[in-house]
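> My structure is below; once you've seen it, I'll send some questions.
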Amino acid sequence: MLKARNSTLASHATDLDLVQAALLRDRKAAARLVELHADAVHAYVWRRLAPKVDMVDDLTQEVFLAAWRGLDSFTGAAPLRNWLLSIARHKVEDYYRRTLAAVCVPVDGDEESEPGVALADLDGDMDAAQKARKVAKVISELPYEYAIVLRWRYWEDRSAREMAQATGRTEKAIERLVARARAKFREQWEMSK
Amino acid sequence: MTDDVLRRAADEAVAPEQASSRLKSRIYSGLVAAAQDAGPLRTLSESKADGEKLCVFEHAVAALPSTGLQSRNPCVVCHARLLAERVERAPIYWPGCPYARFCGH
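Chains as they are written, first to last, in our numbering: chain A, 90 to 282; chain B, 126 to 230.
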């Protein structure tokens, strides 16, 4: 317990040292920032944008540039890694917003708002971790706008209202899009059995 | 399956463990360029005094008497940067070179 606390304190001090050096425009601090955190930021972005791997690299680079330019706002209240990941989250959501704003969303149809598809009976014999892995895989194989809408809704925990506000769509239109994405998800799930 | 399982999948999605060395190299070059846009880079002799390792070219720059010259970025004209930004795990072995470290050497 004490060892873990000491290690946390040490990494906190390292974070502040690194940021201080970076604010002096020290190129070696830039190298250390990349070396310590690029893998984590890249993995985070990759999970949320797969399979568009070309976008993953661009967005990861944007995260670091935004972080570098905003280093003076890093207070050290949270670890540097968390701070970088929160920037990554904003960048990802911004990408979702732009992508969904550009796609056609259904304007009519008989879909229920969100629940639409009953998913409770899917592969009841799988344990939760196996199921979650399969969910992630199936989502990555969906048409891209469906993958994005499900990730945004469930992984970033955004309500249909928040997504509607961000994309300039109506809440109803987003709910229909989520319902269609869930229906397609179920179809793909069945096919992948 | 509940919405909860859909949510949990965020942590289970498989992603590569490492970013490519090309990406790391490009990010690093971008950060140094951004730092230069904001003002002169910290001199290499100051970095060295802080215990940072320099590559052979940086050592040469650090030995220059002018602070202005020391604040320049020799990587801009270095073949190691060009290689590292384009070739995965490029064969760069200069000790102290950040690009060599990104390439795992």
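Cβ coordinates follow ideal geometry from the N, Cα and C atoms, glycine included.
Values in this document were obtained by computation on a predicted structure and should not be read as measured data.
Given a cut-off of 8 Å on the beta-carbon distance, is the pair A/V108 and A/F163 in contact?
Along the first sequence, read from residue 1 onward, the residue named residue 108 of chain A stands at position 19. Along the first sequence, read from residue 1 onward, the residue named residue 163 of chain A stands at position 74. Yes. Within cutoff.
> Does A/L160 get closer than 8 Å to chain B when you measure Cβ to Cβ?
Walking along the first sequence from the start, residue 160 of chain A turns up at place 71. It does not: the Cβ of A/L160 has no partner Cβ on chain B nearer than 8 Å.
> Can you find a C-beta in chain A that's less than 8 Å from the C-beta of B/L207?
Along the second sequence, one-based indexing puts residue 207 of chain B at 82. Not one chain A Cβ lies under 8 Å of B/L207.
> Around the C-beta of A/R116, are 16 or more other C-beta atoms found within 10 angstroms, so that it is buried, or is it exposed?
Counting from 1 along the first sequence, the entry for residue 116 of chain A is found at position 27. That one is buried.
> When DSSP labels each residue in this structure, what does A/W278 get in the three-state scheme?
Counting from 1 along the first sequence, the entry for residue 278 of chain A is found at position 189. Three-state DSSP puts A/W278 in a helix.
> Any idea if B/V201 is buried or exposed, counting beta-carbon neighbours within 10 angstroms, 16 or more meaning buried?
The residue you call residue 201 of chain B lines up with position 76 of the second sequence. Exposed, since its Cβ has fewer than 16 Cβ neighbours within 10 Å.
> List, in order along the chain, the chain A residues whose C-beta lies closer than 7 Å to that of B/E177?
The residue labelled residue 177 of chain B in the question sits at position 52 within the second sequence. Near B/E177 (Cβ distances below 7 Å), the residues of chain A are K117.
> Determine, using beta carbons only, whether A/P232 and A/K273 come nearer to each other than 8 Å.
The residue you call residue 232 of chain A lines up with position 143 of the first sequence. The residue you call residue 273 of chain A lines up with position 184 of the first sequence. Yes, they are a contact pair.
> Could you tell me whether the stretch 251-259 of chain A touches the stretch 222-231 of chain A, using the rule of 3 or more Cβ pairs below 8 Å?
Not touching, per the Cβ criterion.
> Please report the distance separating the alpha-carbon of B/P190 from that of A/A120.
One-based indexing of the second sequence puts residue 190 of chain B at position 65. One-based indexing of the first sequence puts residue 120 of chain A at position 31. Their Cα atoms are separated by approximately 25 Å.
> Compare the C-beta of A/S202 against all C-beta atoms of chain B and say whether one is closer than 8 Å.
Stepping through the first sequence from its first residue, residue 202 of chain A is reached at position 113. Because A/S202 sits at a pLDDT of 49, beneath the cut-off of 50, its placement in the model cannot be relied upon, and the following sentence gives the value as read from the coordinates. Not one chain B Cβ lies under 8 Å of A/S202.
> Could you round the C-beta distance between A/R222 and B/E137 to whole angstroms and report it? I think they count as a contact, below 8 Å.
Counted from its first residue, the first sequence places residue 222 of chain A at position 133. Counted from its first residue, the second sequence places residue 137 of chain B at position 12. Rounded, the Cβ-Cβ distance is 4 Å, consistent with contact.
> Name the chain A residues that come within less than 8 Å of B/Y153, Cβ to Cβ?
Residue numbering aside, residue 153 of chain B sits at position 28 when the second sequence is read from its first letter. Simply A119, A120 and V123.
> Within the same chain, show all residues whose beta-carbon is closer than 7 Å to that of B/E210, passing over the 5 residues directly before and after it, in chain order.
Here residue 210 of chain B refers to the residue found at position 85 when the second sequence is read from its first residue. Taken in chain order, the residues that qualify are R147, S150, R151 and S154.
> From the DSSP output, in three-state form, read off B/C165 for me.
Looking up residue 165 of chain B in the second sequence gives position 40. Before going on, a small fix: residue 165 of chain B reads as Pro here, not Cys. Coil, per DSSP.
> Does the beta carbon of A/D128 sit closer than 8 Å to a beta carbon anywhere in chain B?
By 1-based counting over the first sequence, the position of residue 128 of chain A is 39. Answer yes: the Cβ-Cβ gap between A/D128 and chain B drops below 8 Å somewhere.
> Relative to the alpha-carbon of B/A134, which residue among A/A177, A/D216, A/L160 and A/D104 has its alpha-carbon at the smallest distance?
As a first step, residue 134 of chain B is located in the second sequence; it is residue number 9 there, counting from the start. Out of A/A177, A/D216, A/L160 and A/D104, A/D216 has the C-alpha closest to the C-alpha of B/A134.
> If you reduce the DSSP assignment to three classes, tell me which class A/F153 lands in.
Numbered from its first residue, the first sequence carries residue 153 of chain A at position 64. Helix at A/F153.
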